[in-house]
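In the numbering used here, the protein residues as written are 59 to 192. No residue lacks a Cβ here, since even glycine has one placed at the ideal position from N, Cα and C. To start, the structure under review is shown below, and the notes come after it.
Here's what the structure looks like:
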């Protein structure tokens, strides 16, 4: 499975950069067709926040509902505990949600995580997954 960071979904939904939008749309579509698309409840809540901030929440309601079916059931306490431990060890408290994504994706059996966030490159040595910064 491939875990998609929130920003990949947001770039696919909202045209902030045409090249990134096309790439995000293709990656999502391909992963869904191959049944390799995974997100978490945290990705969904971050999407709600970003879409609301951009004034796009009501217009994107149907897509949010569509993406729900690809979400893992829950972020577990062990995911948060692992992310907190890593944040404290690395001094990356401001990246706690990214660390939750990382830990949760690994625990959920994902082999790869896709993101546009260059900050994820800091976690390469902390993960057994392939981290792809687009």
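Between the region 138 to 148 and the region 118 to 125, the count of Cβ pairs shorter than 8 angstroms is below three; the stretches do not touch. Around the beta carbon of residue 104, 16 or more other beta carbons sit within 10 angstroms, so the residue counts as buried. Taken through DSSP and simplified to helix, strand or coil, residue 163 comes out as helix.
Residue 75 and residue 68 have their C-alpha atoms spaced approximately 11 angstroms apart. With a cutoff of 8 angstroms on beta-carbon distance, residue 170 and residue 190 are scored as near each other.
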